[in-house]
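Student: One structure follows; several queries about it will come next.
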Amino acid sequence: MTLASDSYYMFLRWMKKLVRNPILLFFSLFQPIIFLVLFTQLFSSFGSLLGGINYTVFATAGIVLQNAFSSAFQSGTAVVDDIKSGFLTKMLATPASRASILLGRLLSDAFRVFAQSCSPWHSLALPGQEYHLHSDSGLKALKRCSE
Amino acid sequence: MPAVQVENLVKTYGDGTQAVKGISFKVDEGEFFGFLGPNGAGKSTTIKILTTLLRKTSGSANVAGHDIEHDAQKVRRLIGVQMQDTVIDEDLTGRENLMLQGHLQQMRGEELRERVNELLKIVDLGDAVDKRAAYYSGGMKKRLDLASTLVHRPKILFLDEPTTGLDPQSRATVWSYLKDLNQQGITIFITTQYLEEVDRLCRRLAILDHGEIVAQGTPSELKAEIGADRITLGFESGNPGNGNLKDKAKQVLSSLGGITEIVDSDEGIVIYAKNGGFLVPDIVRAFDTAGVKLSSIGVSSPTLDDVFLKHTGRRIRPEEIDKSRASGMFGRRRR
Numbered sequence: 178m179t180l181a182s183d184s185y186y187m188f189l190r191w192m193k194k195l196v197r198n199p200i201l202l203f204f205s206l207f208q209p210i211i212f213l214v215l216f217t218q219l220f221s222s223f224g225s226l227l228g229g230i231n232y233t234v235f236a237t238a239g240i241v242l243q244n245a246f247s248s249a250f251q252s253g254t255a256v257v258d259d260i261k262s263g264f265l266t267k268m269l270a271t272p273a274s275r276a277s278i279l280l281g282r283l284l285s286d287a288f289r290v291f292a293q294s295c296s297p298w299h300s301l302a303l304p305g306q307e308y309h310l311h312s313d314s315g316l317k318a319l320k321r322c323s324e
Numbered sequence: 006m007p008a009v010q011v012e013n014l015v016k017t018y019g020d021g022t023q024a025v026k027g028i029s030f031k032v033d034e035g036e037f038f039g040f041l042g043p044n045g046a047g048k049s050t051t052i053k054i055l056t057t058l059l060r061k062t063s064g065s066a067n068v069a070g071h072d073i074e075h076d077a078q079k080v081r082r083l084i085g086v087q088m089q090d091t092v093i094d095e096d097l098t099g100r101e102n103l104m105l106q107g108h109l110q111q112m113r114g115e116e117l118r119e120r121v122n123e124l125l126k127i128v129d130l131g132d133a134v135d136k137r138a139a140y141y142s143g144g145m146k147k148r149l150d151l152a153s154t155l156v157h158r159p160k161i162l163f164l165d166e167p168t169t170g171l172d173p174q175s176r177a178t179v180w181s182y183l184k185d186l187n188q189q190g191i192t193i194f195i196t197t198q199y200l201e202e203v204d205r206l207c208r209r210l211a212i213l214d215h216g217e218i219v220a221q222g223t224p225s226e227l228k229a230e231i232g233a234d235r236i237t238l239g240f241e242s243g244n245p246g247n248g249n250l251k252d253k254a255k256q257v258l259s260s261l262g263g264i265t266e267i268v269d270s271d272e273g274i275v276i277y278a279k280n281g282g283f284l285v286p287d288i289v290r291a292f293d294t295a296g297v298k299l300s301s302i303g304v305s306s307p308t309l310d311d312v313f314l315k316h317t318g319r320r321i322r323p324e325e326i327d328k329s330r331a332s333g334m335f336g337r338r339r340r
């Protein structure tokens, strides 16, 4: 299966690149936490404006979504970088499966986002907040916002 | 079986520009083939089509015996491609770069590891093989890039200006690698701006201008075609440009016999004439009588540079290439 094996090698390439860029790694893993702490501390009083829901729960959903969007954005940027440097051309000149070039990157992003979401920091109770991470709390908050 | 066979190849871009206007040529197996032309002549477009990176508009092309459109995958396994820019992943080590390239070429396991070790020895990266390529010097990066096109033992190597932007020493190294590779039986298809190297190494060459092949043959054939010595005239009052001086100079020259061609150049005026050496006293005398002061006069036998100038009306200037280069395949297109 060339698609599977090619995607695997592309995935490895991106994971190596991620691990070797500590700044990128730091931001991708800790940015959501920084946002969470920052926003919940700054805007915690907004909860009452939102119909009395816990602002932390509200912000968590937003940050999860923001993560999803920024990962998609980063995936795109990475492909653009490959186009600019000519690496894409180089890959296209090999018999490697064309789909694997994108799939490998998507797999590495999925892996990273998964790691972010599982980051133990997320489940830590923040000072001064009643903070319980339930699997559906974000969804509930989203639902309430849309009502 | 020819390594590359192209017939009536045409490429028209979406905006209607014809980058390649029906070219035909053949490269034999084991040949060192030079593909020359001024910027925008269609060299890169042709290379991209032959390496399956761009779709042709019409015509036919076979590379290593396979049709480039119907058997693109087979072609890709048999060719190595090096584009203008040095393309390696700087976050990966030298070894990892080669391994990745091998994996993409569907090589696996012990075979790949051995091949990578072999190449790492040849390109002479020393202790740096397991360091990130970001720390490599320009020459090392280029050598690594070249090695990465060779992992799968290609039969034909396509190189698009591989030595542009390198220092003279690295350039010489790259050329000597290419010579070795060619001696091992690899067909080399190269575009470059360094005509001296072409003269020394290329067995045959084609000159492309405005999407058409204007000359084709061995370097000595092409030079013999000119059949005349080259006399360069420099003027005391600078480059004659388009002004009166030029007209006057041409008038003076037209009164002399034995001149086959008069070409304008940056340094002044270039004349092609049989037995040019004998003409020098006449030229000096004629200009003296006309009251035009010459600052220099030089006679030389024709070089590839002259061949190029004759067929394209332009001179190759390697230092200008950097400015006009496009980046990446979707970047600014060079025609």
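These protein sequences, in sequence, are chains A and B.
Residues 178 to 324, numbered by the working numbering, are exactly what the first sequence covers, in order.
Residues 6 to 340, numbered by the working numbering, are exactly what the second sequence covers, in order.
C-beta atoms are modelled at their ideal positions from N, C-alpha and C, and glycine is treated no differently.
Every value quoted in this text rests on a predicted model; they were computed, and no experiment measured them.
Say whether chain A places a C-beta atom closer than 8 Å to the C-beta of methionine 112 of chain B.
Tutor: For the purposes of this step, residue 112 of chain B is identified with residue 107 of the second sequence, where counting begins at 1. No - not a single Cβ of chain A is within 8 Å of the one on methionine 112 of chain B.
Student: Just to check my reading of the structure: asparagine 231 of chain A and proline 209 of chain A have Cβ atoms closer than 8 Å, yes? What is that Cβ distance to the nearest angstrom?
Tutor: The residue labelled residue 231 of chain A in the question sits at position 54 within the first sequence. The residue labelled residue 209 of chain A in the question sits at position 32 within the first sequence. In fact, because the Cβ distance is near 18 Å, the residues do not count as touching under 8 Å.
Student: Is the distance from the Cβ of threonine 178 of chain B to the Cβ of glycine 144 of chain B below 8 Å?
Tutor: Your numbering for residue 178 of chain B matches position 173 in the second sequence. Your numbering for residue 144 of chain B matches position 139 in the second sequence. Closer than 8 Å, so yes.
Student: Let me check understanding here. Comparing Cα to Cα, which of B:Gly85, B:Leu124, B:Pro307, B:Glu201 lies closest to proline 173 of chain B?
Tutor: Reading the second sequence from its first residue, position 168 is the one you call residue 173 of chain B. It is B:Glu201.
Student: For isoleucine 231 of chain B and isoleucine 276 of chain B, what's the separation of their Cα atoms in angstroms?
Tutor: For the purposes of this step, residue 231 of chain B is taken as the residue at position 226 of the second sequence. For the purposes of this step, residue 276 of chain B is taken as the residue at position 271 of the second sequence. Distance between the alpha carbons of isoleucine 231 of chain B and isoleucine 276 of chain B: 12 Å.
Student: Do you know how far the Cα of glycine 239 of chain A is from the Cα of valine 196 of chain A?
Tutor: Locating residue 196 of chain A in the first sequence gives position 19, where the first residue counts as 1. Locating residue 239 of chain A in the first sequence gives position 62, where the first residue counts as 1. Approximately 27 Å between the Cα atoms of the pair.
Student: Just to make sure I have the definition right: I need the residues of chain B whose C-beta is within less than 9 Å of the C-beta of arginine 289 of chain A. Which are they?
Tutor: Working through the first sequence from its first residue, we reach residue 289 of chain A at position 112. Ordered by position in chain B, no residue passes the 9 Å Cβ test against arginine 289 of chain A, which lies about 15 Å from the chain.
Student: Is there a C-beta anywhere in chain A that falls below 8 Å from the one on leucine 164 of chain B?
Tutor: If you number the second sequence from 1, residue 164 of chain B lands on position 159. Chain A, which has no Cβ nearer than 8 Å to the Cβ of leucine 164 of chain B, makes this no.
Student: In whole angstroms, what separates the C-alpha of arginine 289 of chain A from that of leucine 180 of chain A?
Tutor: If you number the first sequence from 1, residue 289 of chain A lands on position 112. If you number the first sequence from 1, residue 180 of chain A lands on position 3. Their backbone Cα atoms lie some 21 Å apart in a straight line.
Student: In this structure, does DSSP put alanine 278 of chain B in helix, strand or coil?
Tutor: On the second sequence, residue 278 of chain B is found 273 positions in, with the first residue counted as 1. If DSSP states are grouped into helix, strand and coil, alanine 278 of chain B belongs with the strands.
Student: Cutting at 6 Å between CB atoms, please list the residues of its own chain near glutamate 226 of chain B, excluding the five before and the five after it.
Tutor: Within the second sequence, the letter at position 221 stands for residue 226 of chain B. Counting only Cβ-Cβ distances below 6 Å, and skipping sequence neighbours, we find nothing.
Student: Would you mind sorting valine 156 of chain B into buried or exposed? The rule is 16 or more other CB atoms within 10 Å of its CB.
Tutor: To locate residue 156 of chain B, count along the second sequence from 1; it is residue 151. Counting Cβ neighbours within 10 Å, valine 156 of chain B comes out buried, since at least 16 surround it.
Student: What did DSSP end up calling alanine 276 of chain A once you bin it into helix, strand or coil?
Tutor: Residue mapping note: residue 276 of chain A aligns to position 99 of the first sequence, counting from 1. Looking at alanine 276 of chain A - three-state DSSP - the assignment turns out to be helix.
Student: Indicate whether isoleucine 264 of chain B and leucine 41 of chain B have their beta-carbon atoms separated by less than 8 Å.
Tutor: As a first step, residue 264 of chain B is located in the second sequence; it is residue number 259 there, counting from the start. As a first step, residue 41 of chain B is located in the second sequence; it is residue number 36 there, counting from the start. No, these two residues do not count as a Cβ contact at 8 Å.
Student: Is it the case that the Cβ atoms of glycine 39 of chain B and threonine 197 of chain B are separated by a distance below 8 Å?
Tutor: Taking the second sequence and counting its residues from 1, the one referred to as residue 39 of chain B is at position 34. Taking the second sequence and counting its residues from 1, the one referred to as residue 197 of chain B is at position 192. Contact: yes.
Student: Could you check which residue in B:Ser305, B:Glu34, B:Ser270 has the C-alpha nearest to that of glycine 394 of chain B?
Tutor: Residue 394 of chain B cannot be examined here, being either before or after the span of chain B that is shown, 6 to 340.
Student: Cutting at 7 Å between CB atoms, please list the residues of its own chain near valine 257 of chain B, excluding the five before and the five after it.
Tutor: Reading the second sequence from its first residue, position 252 is the one you call residue 257 of chain B. Contacts found: Ala291, Phe292, Ala295, Val297.
Student: Among B:Ala46, B:Ala278, B:Lys184, B:Gly64, which one has its Cα closest to the Cα of glycine 262 of chain B?
Tutor: The residue labelled residue 262 of chain B in the question sits at position 257 within the second sequence. Of the listed residues, the one whose Cα sits closest to glycine 262 of chain B is B:Ala278.
Student: 8 Å is my cut-off, CB to CB: does aspartate 286 of chain A come that close to chain B?
Tutor: Position 109 of the first sequence, counting from 1, holds the residue named residue 286 of chain A. Not an interface residue.
Student: Quick one: list the residues of chain A neighbouring aspartate 129 of chain B, beta-carbon separation under 8 Å, in chain order.
Tutor: By 1-based counting over the second sequence, the position of residue 129 of chain B is 124. The contacting residues do not exist; aspartate 129 of chain B stays about 22 Å from chain A at best.
Student: Taking a Cβ distance cut-off of 8 Å, strictly less, list which residues of the segment 50-63 of chain B are near chain A, in chain order.
Tutor: So the list reads Thr56, Thr57, Leu58, given in the order they occur along the chain.
Student: On the criterion of 16 or more Cβ atoms from any shown chain inside 10 Å, does arginine 2 of chain B qualify as buried, or is it exposed?
Tutor: Any question about residue 2 of chain B goes unanswered here, given that chain B covers just 6 to 340.
Student: Find the residues of chain B that neighbour serine 222 of chain A, judging by a C-beta separation of less than 9 Å, and give them in chain order.
Tutor: The residue you call residue 222 of chain A lines up with position 45 of the first sequence. Residues of chain B passing the Cβ test: none, with the nearest at roughly 44 Å.
Student: Skipping 5 residues on each side, what residues in its chain have a beta carbon closer than 7 Å to that of tyrosine 182 of chain B?
Tutor: Here residue 182 of chain B refers to the residue found at position 177 of the second sequence. If we look at tyrosine 182 of chain B and ignore the five residues flanking it on each side, its Cβ neighbours are Leu151.
Student: Just to confirm, is the Cβ distance from serine 65 of chain B to glutamate 12 of chain B under 8 Å?
Tutor: Position 60 of the second sequence, counted from the start, is the residue given in the question as residue 65 of chain B. Position 7 of the second sequence, counted from the start, is the residue given in the question as residue 12 of chain B. Contact flag set, yes.
Student: Would you identify the three-state DSSP class for lysine 298 of chain B, choosing helix, strand or coil?
Tutor: Translated into the one-based positions of the second sequence, residue 298 of chain B becomes position 293. Here lysine 298 of chain B sits in coil by DSSP.
Student: Taking leucine 109 of chain B as the query, report the chain A residues whose CB atoms sit under 8 Å from its CB, ordered along the chain.
Tutor: In the second sequence, the residue the question calls residue 109 of chain B occupies position 104. What leucine 109 of chain B touches in chain A: Asp183, Tyr186, Met268, Thr271, Pro272, Ala273.
Student: Whose C-beta lies closer than 8 Å to the C-beta of lysine 193 of chain A among residues of the same chain, with five residues either side of it excluded?
Tutor: For this step, residue 193 of chain A is matched to residue 16 along the first sequence. No residues qualify anywhere along the chain.
Student: Would you call the segment 181-195 of chain B and the segment 12-25 of chain B in contact, with 3 or more CB pairs under 8 Å?
Tutor: Cβ pair count under 8 Å is below three, so no.
Student: What are the residues in the segment 77-91 of chain B lying within 7 Å of chain A by C-beta distance?
Tutor: Within the segment 77-91 of chain B, the qualifying residues are Gln78, Arg81, Arg82, Val86, Met88, Asp90.
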